[in-house]
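Notes for the one structure printed next.
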Amino acid sequence: MRAVHAGEMDGRGVWGRLWGGWRRGLRVCAAAKDAGFVTRARHQLQPRGSSKRLGPLGDQPFLRLLQPKNLSREELVEVLRAAVVDQKGKPEELTLLSVLPELSQSLGLGKQELQVVRAPGKETSGLVLLSSCPQTASRLQKFFTHSRRAQRPTATYCAVTDGIPAVSEGKIQAALKLEHADAVNLVVPVKDPSRKDILEGVKKTLSHFRVVATGSGCALVQLQPVTVFPSQLQVHMVLQLCPVLGDHTYAARVGTVLGQRFLLPAESTKPQKQVLAEALLRRLHLTPSQAAQLPLHLHLHRLLLPGTRPRDTPVELLAPLPPYFSRTLQCLGLHQQ
Numbered sequence: 004m005r006a007v008h009a010g011e012m013d014g015r016g017v018w019g020r021l022w023g024g025w026r027r028g029l030r031v032c033a034a035a036k037d038a039g040f041v042t043r044a045r046h047q048l049q050p051r052g053s054s055k056r057l058g059p060l061g062d063q064p065f066l067r068l069l070q071p072k073n074l075s076r077e078e079l080v081e082v083l084r085a086a087v088v089d090q091k092g093k094p095e096e097l098t099l100l101s102v103l104p105e106l107s108q109s110l111g112l113g114k115q116e117l118q119v120v121r122a123p124g125k126e127t128s129g130l131v132l133l134s135s136c137p138q139t140a141s142r143l144q145k146f147f148t149h150s151r152r153a154q155r156p157t158a159t160y161c162a163v164t165d166g167i168p169a170v171s172e173g174k175i176q177a178a179l180k181l182e183h184a185d186a187v188n189l190v191v192p193v194k195d196p197s198r199k200d201i202l203e204g205v206k207k208t209l210s211h212f213r214v215v216a217t218g219s220g221c222a223l224v225q226l227q228p229v230t231v232f233p234s235q236l237q238v239h240m241v242l243q244l245c246p247v248l249g250d251h252t253y254a255a256r257v258g259t260v261l262g263q264r265f266l267l268p269a270e271s272t273k274p275q276k277q278v279l280a281e282a283l284l285r286r287l288h289l290t291p292s293q294a295a296q297l298p299l300h301l302h303l304h305r306l307l308l309p310g311t312r313p314r315d316t317p318v319e320l321l322a323p324l325p326p327y328f329s330r331t332l333q334c335l336g337l338h339q340q
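The numbering used here puts the sequence shown at residues 4 to 340.
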């Protein structure tokens with residue numbers, strides 16, 4: 004299996020892109036072909052050293068890594084050659100979907116319309132797949148569906164968690180449902196769901212996890228969802244008493260008394276900004292107000308795509324970590340293998 008950095012593929016295929024907002028300093032290198040597609044690689048700084056010698060990322064103020072550049076509509080189309088913005092949002096917001104027609108025109112696709120084939124959640128960074136070919140999009144969806152039915156994960160996420168899972172690897176299984184409360188949709192676990200619950204929208208979910216590194220009371224965790232459900236990985240890590248860093252929706256469900264963590268009732272626990280221990284704030288060089296702006300440290304790092312022929316081995320598409328994610332790894336002394 005060959006590993007390919009995320010980049011654009013030809014007009015008949017799929018675009019794999021990195022969600023990076025509209026940040027500066029994004030670099031694109033020369034194109035290279037793999038498995039019949041054209042790919043482009045973006046290089047990011049990799050975490051090196053510890054919090055004692057942070058290096059170029061760790062020395063930068065946290066907010067500078069998040070500050071967007073004010074872009075016009077035309078400039079955003081050009082930036083999309085190096086990055087992708089979130090695909091959801093209000094009609095008046097500048098999002099990926101709102102500029103797909105301009106992007107299609109910029110790429111010389113004519114009347115062919117781009118569509119989103121695969122994308123992470125709203126707050127999640129990582130790969131986004133776009134296609135201008137309905138046949139290619141259908142083939143990819145069939146590949147993903149067949150893989151789910153066979154319980155073969157096609158997506159691998161990286162996450163930094165506040166807390167260390169009790170075991171180094173395993174499976175997380177939980178029945179989940181969506182509840183609408185206070186004008187927002189929240190995911191709630193359901194214990195021992197009945198057949199009626201399943202018919203009413205409760206879904207049994209499954210994720211694989213593996214702890215890659217630990218340090219400062221945190222962990223770098225590799226997550227592979229087998230099922231697909233909104234906020235599945237965030238809720239699964241909360242059930243392990245290890246919420247994802249920057250999870251300002253579900254982290255409040257984990258309480259602490261005398262250093263011992265426990266789950267609070269999901270139905271009665273409202274979302275709030277994640278509260279981090281003072282020691283962790285010091286390691287991250289953040290104030291409490293800055294921690295309240297910490298982005299979700301959940302990154303769609305790898306996707307498997309089908310080969311050009313049915314019996315070909317899958318193509319592995321990789322997305323480097325965003326700068327703020329790499330900075331956090333440096334500060335915590337977590338090393339990605």
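Heads up, the beta-carbon is just placed ideally off N, CA and C, and yes, glycines get one too.
(1) Measure the alpha-carbon distance for Gly249 versus Leu324 and round it to whole angstroms.
(2) Measure the CB-CB distance between Leu297 and Gln277 and report whether it falls below 8 Å.
(3) DSSP three-state call for Ala1: helix, strand or coil?
(4) Relative to the C-alpha of Val190, which residue among Leu223, Ala178 and Thr159 is closest?
(5) Between which two residues does the beta strand (DSSP E) carrying Phe265 extend?
(6) Please classify Arg256: is it buried, with 16 or more other beta-carbons within 10 angstroms of its beta-carbon, or exposed?
(7) Which residue or residues does DSSP assign as beta-bridge partners of Gly218?
(8) Alpha carbons only, please: which of His251, Phe212 and Arg264 is nearest the one belonging to Val170?
(9) With a threshold of 7 Å on Cβ separation, who are the neighbours of Pro156 within its own chain once the five nearest residues in sequence on each side are excluded?
(10) Just verifying my parser: in three-state terms, what is the DSSP assignment at His288?
(11) Can Thr252 and Gln235 be called in contact, C-beta distance under 8 Å?
(12) Just verifying my parser: in three-state terms, what is the DSSP assignment at Gln144?
(13) Which residue from Asp165, Asp315 and Leu106 puts its Cα closest to that of Leu299?
(14) Going by the CB atoms, is the gap between Val224 and Gln339 shorter than 8 Å?
(15) For the segment 193-201 against the segment 139-155, are there 3 or more C-beta pairs whose distance is under 8 Å?
(16) Quick one: Cα of Ala184 to Cα of Ser271, how far?
According to the structure shown:
(1) Approximately 15 Å, taken between the alpha carbons.
(2) Yes, they are a contact pair.
(3) As displayed, the chain neither begins before 4 nor continues past 340, which places residue 1 out of reach and without an answer.
(4) The candidate whose alpha carbon is nearest that of Val190 is Ala178.
(5) Counting along the chain, the beta strand (DSSP E) containing Phe265 begins and ends at Gln263 to Leu266.
(6) With 16 or more other Cβ atoms within 10 Å, it is buried.
(7) Residue pairing by DSSP places Gly218 opposite Cys221 in a beta bridge.
(8) Restricting attention to His251, Phe212 and Arg264, the CA atom closest to the CA of Val170 is found in Phe212.
(9) The answer, listed in chain order, is His211, Gln227, Pro228 and Val229.
(10) In the structure shown, His288 sits in coil (DSSP, three-state: anything other than H, G, I, E or B).
(11) No, the Cβ-Cβ distance between Thr252 and Gln235 is not below 8 Å.
(12) Note: Gln144 maps to helix in three-state DSSP.
(13) Of the listed residues, the one whose Cα sits closest to Leu299 is Asp165.
(14) No; because the gap between Cβ atoms is not below 8 Å, this pair is not in contact.
(15) Contact fails between the segment 193-201 and the segment 139-155, because fewer than three Cβ pairs, one in each stretch, are under 8 Å apart.
(16) Each residue's CA atom was taken as its position, placing Ala184 and Ser271 some 10 Å apart.
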